[in-house]
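Peer 1: Residue numbering for the sequence shown follows this note's numbering, beginning at 436 and increasing consecutively. In this text, a Cβ means the ideal position worked out from N, Cα and C, and glycines have one as well. Before I ask anything, here is the structure I am working with.
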Amino acid sequence: MFLIFAYFYTGRADDQKQNAIPKVGVLQLMSHPALDQINKGIDDTLKKNGYIDGKNVKIEFQNAQGDQSNLRTISKQFVQDNVDVAVGIATPSVQSLKNATSKIPIVMGAVTDPEGAGIISNNQKPGGNITGVSDQAPLEAQLELMKKVIPNLKSIGIIYTSSDASATSQMKKMEAIAKKQGLTVKVSSINSVNDIQQVGTALAQGVQTIYVPTDNTVASGMKLLSSIAAKQNIAVFPAATTMVKDGGLATVGLSQYELGEETGKHVVRILEHKEDPATTPVTFMKKGHLMLNEKMAQKLNIQFPDSLVKEAQKKGQIIK
């Protein structure tokens, strides 16, 4: 009888141990290099801190493929699964998670303007169940880079997705900064990646260069946009380094992987009960990385200043 009792007791203990494994739900808006790098940074940080998927943590990764109905369905599923932490990669993902729960801790993976998007009321004291990382780009540094690369810069175009709260916020800030410096700014919006061909072509005709904020939809069509602009001998300066790899000319941008690492650190601290989203300030990344696309520069007959090349060789990256 003792052996039988021991067998059943062990079985119940194993079940309890299995149920005790924390669950992390990761909701990514869509697939493109920037968001994929953020997700990789999250995964690697969890591993570095001893959280191995399937062993001592269960990671439920879901990609909404840019579909709003998918975002809602997945968010509700995370709540039903009672995940211990929910991570939203990109603003729409976090907004969807926020609408689904006010109790489960939510970590923002790269939301440009959390307050402006209505996700939290205060970046320093969120006060609810949400905290995380902002991917607000160093806009002044990016504009200064454009002026260094394009002599006598007088006009820029900005293309963004009208339904993307973060992209809209960044567009407005860049527009204000550029106008304050005496530049003419032409702004064009898109609703989906299908609009890039027409909108991008029209925008490139009336400006000296094009700027792209941190915009998930434009990022997914970056190769198309850069190709359209190049046909009119116009360079595209994107906010994210991953978009330089897809045809952008240059940027001083945040590392998407490092954004993921910082997001992962928030997740780890919450799992270890060392962080309360209500009292944890949003993390703002301060270090920008210079990235130059030499291949695109040659295509556009643009010569990077020697000072920029030396800086990229020393501290940044040059795509050849």
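So, is residue 521 buried or exposed, given that buried needs 16 or more other C-beta atoms within 10 angstroms?
Peer 2: Per the 10 Å Cβ criterion, buried.
Peer 1: Tell me the rounded alpha-carbon separation between residue 576 and residue 647.
Peer 2: Those two C-alpha atoms are separated by around 14 Å.
Peer 1: Excluding sequence positions up to five away, which residues of its chain have a Cβ less than 6 Å from the Cβ of residue 496?
Peer 2: Closer than 6 Å at Cβ, skipping near neighbours: 461.
Peer 1: Can you tell me which residues form a DSSP beta bridge with residue 495?
Peer 2: In the DSSP output, where bridge partners are listed per residue, residue 495 has 460.
Peer 1: Along the alpha helix (DSSP H) that carries residue 500, what are the first and last residues, could you check?
Peer 2: From DSSP, residue 500 is part of no alpha helix (DSSP H); its letter is neither H nor E.
Peer 1: May I have a chain-ordered list of the alpha helix (DSSP H) segments no shorter than 4 residues that lie completely inside the stretch 633 to 669?
Peer 2: With a minimum length of 4 residues, the continuous alpha helix (DSSP H) runs that stay inside the stretch 633 to 669 are 651 to 655 and 657 to 666.
Peer 1: Classify residue 442 as buried or exposed, calling it buried when 16 or more other Cβ atoms lie within 10 Å of its own Cβ.
Peer 2: Model confidence at residue 442 stands at a pLDDT of 32, short of 50, so the residue's coordinates are unreliable and nothing is read from them.
Peer 1: By Cβ distance, which residues of its chain are closer than 7 Å to residue 488, with the 5 residues on each side in sequence left out?
Peer 2: Closer than 7 Å at Cβ, skipping near neighbours: 494.
Peer 1: Is it true that the CB of residue 591 sits closer than 8 Å to the CB of residue 611?
Peer 2: Taking 8 Å as the Cβ cut-off, residue 611 and residue 591 do not qualify as a contacting pair.
Peer 1: Taking C-beta to C-beta, are residue 595 and residue 606 nearer than 8 Å?
Peer 2: Yes; because the gap between Cβ atoms is below 8 Å, this pair is in contact.
Peer 1: Would you tell me roughly how many angstroms separate the C-alpha atoms of residue 543 and residue 529, rounded to the nearest one?
Peer 2: C-alpha separation (whole angstroms): 6 Å.
Peer 1: Taking Cβ positions, are residue 699 and residue 481 nearer each other than 8 Å?
Peer 2: Cβ atoms of residue 699 and residue 481: closer than 8 Å.
Peer 1: Can the beta-carbon of residue 499 be found less than 8 Å from the beta-carbon of residue 552?
Peer 2: The answer is no: Cβ separation not under 8 Å.
Peer 1: Please name the residue in 510, 524 and 519 whose C-alpha comes closest to that of residue 532.
Peer 2: That would be 510, whose Cα lies nearest to the Cα of residue 532.
Peer 1: Check the C-beta distance from residue 383 over to residue 632 and give it rounded, since I have them as a contact under 8 Å.
Peer 2: Residue coverage of the chain in this structure runs from 436 to 755, which leaves residue 383 outside it and unanswerable.
Peer 1: Kindly give me the distance between the Cβ atoms of residue 588 and residue 677, rounded to whole angstroms, as I take these residues to be in contact under 8 Å.
Peer 2: About 24 Å separates the two Cβ atoms, so there is no contact after all.
Peer 1: Only counting the same chain, and skipping five residues up and downstream in sequence, which positions put a Cβ closer than 6 Å to that of residue 639?
Peer 2: Excluding sequence neighbours, residue 639 sits near 664, 667 and 669.
Peer 1: For the candidate residues 754, 703, 558 and 555, whose alpha-carbon lies nearest to that of residue 731?
Peer 2: Considering only alpha carbons, the answer is 754.
Peer 1: Starting from residue 691, follow the alpha helix (DSSP H) in both directions and report where the run begins and ends.
Peer 2: Unbroken alpha helix (DSSP H) run through residue 691: 691 to 706.
Peer 1: Reducing DSSP to helix, strand and coil, say where residue 546 ends up.
Peer 2: Residue 546 falls in the coil class under three-state DSSP.
Peer 1: Check whether the Cβ atoms of residue 603 and residue 570 sit closer than 8 Å, and answer yes or no.
Peer 2: Not in contact: residue 603 and residue 570 (Cβ atoms no closer than 8 Å).
Peer 1: Can you tell which of 746, 680, 693 and 711 has its C-alpha closest to the C-alpha of residue 539?
Peer 2: When only C-alpha atoms are compared, the closest one is 711.
Peer 1: Report the option in 722, 704 and 661 whose CA atom is closest to the CA atom of residue 714.
Peer 2: Ranking the options by Cα distance to residue 714, first place goes to 704.
Peer 1: In whole angstroms, what is the alpha-carbon distance linking residue 448 and residue 490?
Peer 2: For residue 448, the pLDDT reaches just 36, beneath the cut-off of 50, and the residue's location in the model is therefore unreliable, although a value from the coordinates is still provided. Going from the Cα of residue 448 to the Cα of residue 490 covers about 16 Å.
Peer 1: Tell me where the alpha helix (DSSP H) around residue 474 begins and ends.
Peer 2: 468 to 483 is the span of the alpha helix (DSSP H), which, as asked, contains residue 474.
Peer 1: Please classify residue 502: is it buried, with 16 or more other beta-carbons within 10 angstroms of its beta-carbon, or exposed?
Peer 2: Exposed, since its Cβ has fewer than 16 Cβ neighbours within 10 Å.
Peer 1: Out of curiosity, what's the CA-to-CA distance linking residue 650 and residue 628?
Peer 2: Their Cα atoms are separated by approximately 11 Å.
Peer 1: Tell me which residues share the same chain as residue 623 and place their Cβ nearer than 6 Å to its Cβ, disregarding the 5 neighbours each side in the sequence.
Peer 2: Closer than 6 Å at the Cβ level, and outside the excluded window around residue 623, lie 594, 634 and 638.
Peer 1: Is DSSP giving residue 621 helix, strand or coil here?
Peer 2: In the structure shown, residue 621 sits in a strand (DSSP, three-state: E or B).
Peer 1: What do you reckon, are the CB atoms on residue 572 and residue 674 nearer than 8 Å?
Peer 2: Yes, Cβ-Cβ distance for residue 572 and residue 674 is below 8 Å.
Peer 1: Extract the residue ranges of the alpha helix (DSSP H) inside the stretch 565 to 590, only unbroken runs of 4 or more that lie entirely within it.
Peer 2: 574 to 584, all fully within the stretch 565 to 590.
Peer 1: Three-state secondary structure (DSSP) at residue 677?
Peer 2: Reduced to three states, the DSSP call for residue 677 is helix.
Peer 1: Going by beta-carbon coordinates alone, are residue 584 and residue 739 separated by less than 8 Å?
Peer 2: Yes, they are a contact pair.
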